[in-house]
Amino acid sequence: MRVVIRLEFSHIYPSSEKEELLEYLKRLSKNTIENIIGFFTTYNLPDYYNFFSNPETQQTINRLVARYIYNNRILGNITLVSREAALFLSEAILANKEMLIIKNTNEENPDDEELNLFKAFLVINEAINRNDNLTLDITEDNIEKIAEISVALKFSTADIGVYEDVNMELLKLGYVTSYKFEQLINFLKSNEEYEYLIEDLCQYFNQDGVEKLSSNVDFLLVQVLRFKSNNSFKLRVEDEDSNNFLQSLTSSEIIAEADFLKLRNHPLYQIDEFTYLIVDPFFVLDKFTKSVKFILKESFNKKNNLNEKDRTFFNFYNKEFSEEYLMKKLLDDIFYKKYYIKQREASGKDKEPDYYYRYNNDIFVFEYKDVLIAKEIKTSGDIGQITDALKKKFLVNPTNKKPIGIGQLINHIKAISENNFIYDENINLNLNKKHTIYPILLLSDRLLEIPGINYILNKWLRNNLPEIHKNLIVNDLVIIDIDTLIFFAEYLKRKDKNFKELLEDHIKKMKMIAKGYGNTEREVYQTFNNKISKKLAPFSSRFSNSMFDEKLFVERFSYLVKEG
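With positions in the sequence shown counted from 1, the corresponding number in the working numbering is that position plus 485.
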C-alpha cells in the first residue's frame, strides 16, 4: 500500500502568494497546452526531481523539496505528478479551451512554461489533498482504521489507472472490455425486442451496422494499448468511417464535474480533422462498458416513456444481462466439470444463491452485484459516507430491510448450517463430515479493487454471522471483480485446484500479522508498509501475470488484421 504525499504550493513556496490555477495555465503556449492533454497519460512521467530542462531551476527545486522533507520529517514517498492531478489538469484545460487553446497567442518559452506548469500541479495537488482529509499513521496498531483510511484515500481513483503495473492493467481491461462488449451485443441480438437498442447504439457511435461498430471498438482498444506501450498519446486515422466513430468520443464542450464525468463520456480530444489525443486510456476502454449502460438507458427510457430517474432499465440490465447472461455464462464456462455439484431448481427462487457449486466437501457460494456508486460519495473522501453507502449496497437494503450481498451470503451459510439448504440437499452436517464454505461477493466493476475493502466487508460478515454447526468451517469473505475472472478464466479452468488455491492464498494473507521491524524508523516504516500492503490487497493482486496466456489476446483481435 503506497502512501504518497503530493507536493503543494505551500510546501515549496511557503512565503509566496499563490495564484489561481488558470493564471498559471494562461502563461503557457498553445502547443504546450495541447500536448499536456495527452502527454500525462503516458508512463515514466517526470516528477519534481526531473521536471525541468534547465539544470539551475531543477537544482533550486530539489533544494526546496529537500528542505520540506527535512523540516517535516517525511518518511513516505513524495510526488508532484499523479494520474488524478493530470486528469484535473486536462479537465481544466478543456473546460477553458476557448481561452487556453483557440485564442492562445503565447510564444513558446520552455523555462517559463515549465515553472508555471510546475506551479499549476502544486495548486491542483492542494485541492486534491484537501479532499484527502485523513492522515495515515503507518505504525497504527488498529488495522481496521488503516483499512478505512486506505479506502477513503483511494476510493475516488480506483478505476483511473492508479496501479503498480499500468500496462498489464490496461492489457487486462482491453481484453475484458472486448469480451464484455461482445457479450452485450450477443445478448441484444438474442431478442428481437432489443433491436432498437442496437440501432440507437450504432447511431450514437456514428455507425451504420453493429458488426462495423464492434470491429471499430476492437480496433480502438488495440490502438490505445499499442500507443500506451509505445508511450505515445496521439491517434491518427485516415478513413472516414473510423473518423466518424472517433468523433463520437469527443465533445466541443467540457465542463469540470465530479468524478471527471464529462471526460469519461468524451475521452478523446480532436486536434485536427483526423488527429486525436487520448485524454485517458482507462476512460476510452470504460466507454464501451460503463458508459454504454447509460447510452442504452436513454434509449430504453425514450422507448418506454420513462423519466430520467426511473430505475426500470437498471433492474433489467443488471438482472437479465449482467447476472443471468454475462455472469452465469462465464462461471458455467469456468466451473464446467460434470462432478461439480451445482444448485438445483427449487421453489423460493428469490432466496437461492446467484451461483453455487460444491466439490466434495468444499462449498463455493456466490452473490453477484452490479452496483453503481454515486459520484458525490465516490469523490467525498469521507469514510463514513463511503461505508454507509457500501452497507446499503452489500449488507441490508435500507428501504425494505432485506439482506443483500453479504446479508444473503449469511443466510445461505445459516441454511447450510441448519441442514436446510434446499438447493443442495446432499449436504448433511450431522454425518460428522467437515465441510468448508467459501463465501464470495462477485462484483461487476473494478471500483472496489482497493486495499482495505475486503478486510472491512469481511468484518461485516463475521460480526453478523450466527453460531454455526460444529462440522461447518466458514472461511473469510472474498471479494472478486468479474473482470479478473474473465481475464484469468483459462487458468482457472486448467486445474480444479487453481481457484481454491488462490482463495486460500488470499485468505491466508488477509489473516497475516502486520508488524514492522528494523534498526531505524524508516526501516520499521518500510517493513510494516510491505506487510500491510499484502494483508489489505484485493483478490486480483494474488494472480501473477504469467497466469494469463497472451496468445488469448492475439486470438481475440486477430480478425482485425487484413490479409494482403
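Each residue gets a CB set at the ideal place from its N, CA and C atoms; glycine is no exception.
Assignment of P752 by DSSP, reduced to helix, strand and coil, places it in the coil class.
Short of 8 Å from the beta carbon of N691, and not among the five residues preceding or following it, lie these beta carbons of its own chain, in chain order: N729, F730, Q732 and S733. Of all alpha-carbon atoms in L875, G890 and Q870, the one lying nearest the alpha-carbon of Y840 is that of G890.
Each residue's CA atom was taken as its position, placing N939 and K588 some 50 Å apart. For D765, the closest C-alpha among the options N905, F759, Y754 and E758 is that of Y754. The three-state secondary structure of F849, taken from DSSP, is strand.
Residue range K719 to R721 is occupied by the beta strand (DSSP E) that includes K719. Of the candidates K778, K639 and L572, the residue whose Cα lies closest to the Cα of E742 is L572. For I938, the enclosing alpha helix (DSSP H) has its first and last residue at I938 to N949. Take F640, set aside five residues on each side of it, and the residues of its chain with a beta-carbon closer than 7 Å to its own are K863, I871 and I935, in chain order.
Straight across, the Cα-Cα distance linking F806 with I763 is about 30 Å. Distances from the CA of G523 to each of H920, T642 and V709 were compared; the closest alpha carbon is that of V709.
Straight-line measurement puts the Cα of A974 at about 20 Å from the Cα of S1043.
Per DSSP, I780 is one residue of the alpha helix (DSSP H) stretching across K775 to K788.
Take the alpha-carbon of Y824 and the one of Y844: they are about 7 Å apart.
At a Cβ-Cβ threshold of 9 Å, I901 and L914 count as neighbours. Here the region 972 to 989 does not lie against the region 676 to 696, with fewer than 3 beta-carbon pairs under 8 Å apart. Nearest in C-alpha terms to K993, of all of F972, L962 and K980, is L962. Per the C-alpha coordinates, the member of R491, A632 and E1040 positioned closest to R568 is R491.
For secondary structure counted as the alpha helix (DSSP H) over 4 or more consecutive residues, the region 837 to 900 holds these complete runs in sequence order: 860 to 863 and 868 to 879. Under the three-state reduction of DSSP output, I965 falls in the strand class.
For I971 against Y664, the beta-carbon gap comes to about 5 Å, under 8 Å, which counts as contact. Every alpha helix (DSSP H) stretch that sits fully inside the region 565 to 620 and reaches 4 residues is listed by chain position as 568 to 580 and 595 to 616. Going by DSSP, H991 is part of the alpha helix (DSSP H) stretching over K982 to K996. In summary, N960 is buried, with 16 or more beta-carbon neighbours lying within 10 Å of its beta-carbon over all protein chains present.
With 16 or more other Cβ atoms inside 10 Å of its own Cβ, S635 counts as buried. Between R931 and D644, the C-beta spacing is below 9 Å. DSSP places L549 in the uninterrupted alpha helix (DSSP H) bounded by P540 to N556.
Nearest C-alpha to K854 among N800, F603 and D867: N800. The C-alpha of N594 lies about 8 Å from the C-alpha of S514.
Following the DSSP letters along the chain, one finds I490 in no alpha helix (DSSP H) but inside the beta strand (DSSP E) bounded by residues V489 to R491.
Scanning its chain for C-beta atoms nearer than 8 Å, with the 5 sequence neighbours on each side dropped, one finds around L791 the residues F785, T797 and F798, in chain order. Residue range T760 to I763 is occupied by the beta strand (DSSP E) that includes T760.
Under the 10 Å beta carbon count, Y761 is surrounded by 16 or more other beta carbons and is classified as buried. Partner residues in the beta bridge of V959, as assigned by DSSP, are I922. With a cutoff of 9 Å on beta-carbon distance, I756 and L1021 are scored as not near each other.
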